[in-house]
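Below: the structure, in structure tokens.
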Amino acid sequence: MINSTTLFFEINKINLTFIAGEYDEQNNFKITYKEQVPIIGVENNRITDYGKLFNVVKENVYKIEQDLNFTFKDLVLILENFEPTFINVTGYKKLNSSQILRENITYILNSLKSYIDKVEDKKTIIHIFNSEFYLDYKKVENLPIGLFGDFYSHELSFALIKKIDYKNLNNIFEKCNLKIRKILLKSFIVGANISNSRKSLENFFKIQINESNSKLFYFENNSLKHEQDFNFGSNIIINDILKITALKKNTIKEILDEIEPQKESFNEDYIEEKFFKKDIYRKIKKKLIYDIAFARIKEISEIILFNNVNTRHYINKKNDIFLEINHESNYSILRNIYKSVFEINDKKNFEFLKNLSYDDTLNTAFKLVHFGWKKEAIPLAQPEKSGLARLFDAIFS
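Residues -6 to 390 (this note's numbering) are what the sequence shown spells out, left to right.
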């Protein structure tokens, strides 16, 4: 059992969350302290007020340390809204029937990382994934060190954030006498949790639709390869119904909450008078509500996934689709429409996901920090080694 108290700090679109915890006797992460405060000093996916963010971090770190009677030296930073960039690059080695040596792969990795550092000099690498290996144009599951061949290719997937954001965050924590032990993208944590709970699953899309925003990320070969945010959510469905029917927003939500999920059950049915209360009753077919919602959800699916230029390379592959809908818009009738829209492609399995609890999120994050990830090439920081040495240790371990 790992006896380690770990401090996590998460920045998302709504809150700043401070969490401390440790492993219990069953090797599960146990939260010992949690504090959420409204987000401050961060707007539009960037730090806008250094002073305000520093003050709230300093104040809450002090409160945690006083409450737990423990002084932290480092923390794990979880980011959900800093617009990471993803780059996939491949290195090659002509072997001419010779054996693949560790030095060959080391050279490829060193070259690719140096290339990314050079072309993306205003960004900082936070994740590197060993996404694909090919020997003589045939995919292999593990590093083929020791095998003979003619041609080897190795794909790495890089996740980066803006260097100025990293410097600002790092400086804030340094002023609080804390080092950043590890940065984890929230999508990586969620993807790792999905992969761990479905052992044979390596390739999938995960879509999250909130009330006013949405997010998509893509996992391939257990590597996070793409993430994208959208500035619309389930509220546009309600707004469409409101514009066409002139019903009040609360009335629409009440109707959606009670309407039967099967379209065939209300082809000629009208909305009941009970929903109008003090308003004048008007004959509005339930099918109209269904058709409006269907049209908008179909458009949402096309923008986020099926007609998204950023997913064009991945969409034709056989990938599962996981959809998480925020609780305020999780109506049975809308779930039925989402299912029919996303299942239209028979190449893909579709499944609804429940919101990942904080306990599960932190348990997965804790294991990623302490035990690493099967496809990530950056392990837990070890100060006595250089960054490059740590990278190679993770890849060859």
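Using N, Cα and C, we set each Cβ at its ideal position, and we do this for glycine too.
- Message: The beta strand (DSSP E) that contains ALA152, what's its start and end?
- Response: The residue given as residue 152 occupies position 159 in the sequence shown. Segment 141 to 155, the beta strand (DSSP E) holding ALA152.
- Query: Using the rule of at least 16 other Cβ atoms within 10 Å of the residue's Cβ for burial, across every protein chain shown, is THR41 buried or exposed?
  - Reply: Residue mapping note: residue 41 aligns to position 48 of the sequence shown, counting from 1. Its Cβ having fewer than 16 others within 10 Å, THR41 is exposed.
- Close-in-space but distant-in-sequence residues of the same chain around ASN319 (CB under 6 Å, 5 per side omitted): Counting from 1 along the sequence shown, the entry for residue 319 is found at position 326. Listed in chain order, the non-local C-beta contacts of ASN319 below 6 Å within the same chain comprise ASN203, GLU204, local neighbours out to five positions each way being set aside.
- Three or more beta-carbon pairs under 8 Å between the segment 314 to 332 and the segment 229 to 249, yes or no? The segment 314 to 332 vs the segment 229 to 249: in contact.
- Item | N-terminal and C-terminal residue of the alpha helix (DSSP H) that ILE24 is part of | Within the sequence shown, residue 24 is the residue found at index 31, counting from 1. For ILE24, there is no enclosing alpha helix (DSSP H); the enclosing beta strand (DSSP E) has its first and last residue at 22 to 31.
- Query: Whose C-beta lies closer than 6 Å to the C-beta of LYS378 among residues of the same chain, with five residues either side of it excluded?
  - Reply: Working through the sequence shown from its first residue, we reach residue 378 at position 385. Below a pLDDT of 50, predicted positions are generally treated as unreliable, and LYS378, at 47, falls in that range; no measurement from the model is reported.
- Identify which residue in LYS132, VAL334, PHE223 has its Cα closest to the Cα of ASN342. One-based indexing of the sequence shown puts residue 342 at position 349. Across the set LYS132, VAL334, PHE223, the C-alpha of VAL334 shows the shortest separation from the C-alpha of ASN342.
- Query: Counting pairs of Cβ atoms below 8 Å between the segment 63 to 76 and the segment 164 to 172, do you hit three or more?
  - Reply: They touch, by the three-pair rule.
- Task: Report the rounded CA-to-CA distance for GLU(-3) versus THR10, giving the unit in angstroms.
- Result: Numbered from 1 along the sequence shown, position 4 holds the residue referred to as residue -3. Numbered from 1 along the sequence shown, position 17 holds the residue referred to as residue 10. Looking at the sequence itself, residue -3 is Ser, so the reference to Glu does not match. Cα to Cα, the separation comes out at about 20 Å.
- Determine the direct distance from the alpha carbon of ALA185 to that of ASN163, and round the result to whole angstroms. Your numbering for residue 163 matches position 170 in the sequence shown. Your numbering for residue 185 matches position 192 in the sequence shown. Each residue's Cα considered, the two are about 25 Å apart.
- Query: Nearest-angstrom Cα distance between TYR0 and TYR159?
  - Reply: The residue you call residue 0 lines up with position 7 of the sequence shown. The residue you call residue 159 lines up with position 166 of the sequence shown. First, the residue type needs correcting, since residue 0 is Leu and not Tyr in the sequence shown. Just so you know, the alpha carbons of LEU0 and TYR159 end up roughly 18 Å apart.
- Item | Endpoints, alpha helix (DSSP H) assigned at ARG305 | For the purposes of this step, residue 305 is taken as residue 312 along the sequence shown, with counting starting at 1. Start and end: 305 to 308.
- Item | Opening and closing residue of the beta strand (DSSP E) in which GLU292 lies | In the sequence shown, the residue the question calls residue 292 occupies position 299. That residue, GLU292, is in no beta strand (DSSP E); its alpha helix (DSSP H) goes 279 to 294.
- In terms of alpha-carbon separation, which member of ILE234, VAL112, ASN224, LYS199 lies closest to LEU217? What you label residue 217 is simply residue 224 of the sequence shown in a count that begins at 1. Distances from the alpha-carbon of LEU217 to those of ILE234, VAL112, ASN224, LYS199 put LYS199 closest.
- Message: At the level of alpha carbons, what is the spacing between THR117 and ASP313?
- Response: Taking the first residue of the sequence shown as position 1, residue 117 is located at position 124. Taking the first residue of the sequence shown as position 1, residue 313 is located at position 320. Distance between the alpha carbons of THR117 and ASP313 is about 30 Å.
- Message: Does the segment 143 to 153 come into contact with the segment 29 to 46, if we say contact requires no fewer than three beta-carbon pairs (one atom in each stretch) closer than 8 Å?
- Response: No, the segment 143 to 153 is not in contact with the segment 29 to 46.
- Query: Could you give the distance in angstroms between the alpha-carbon of ASN38 and the alpha-carbon of ASN103?
  - Reply: The sequence position of residue 38 within the sequence shown is 45, counting from 1. The sequence position of residue 103 within the sequence shown is 110, counting from 1. A straight line joining the alpha-carbon of ASN38 with that of ASN103 spans about 31 Å.
- Message: Closer than 8 Å is the cut-off here; do at least three beta carbon pairs connect the segment 81 to 96 with the segment 148 to 156?
- Response: Counting C-beta pairs closer than 8 Å gives three or more between the segment 81 to 96 and the segment 148 to 156, which meets the contact rule.
- Message: I'd like to know if the segment 177 to 191 and the segment 349 to 357 are in contact, where contact means that at least 3 CB-CB pairs between them fall below 8 Å.
- Response: Proximity of the segment 177 to 191 to the segment 349 to 357 meets the contact definition, three or more beta-carbon pairs being nearer than 8 Å.
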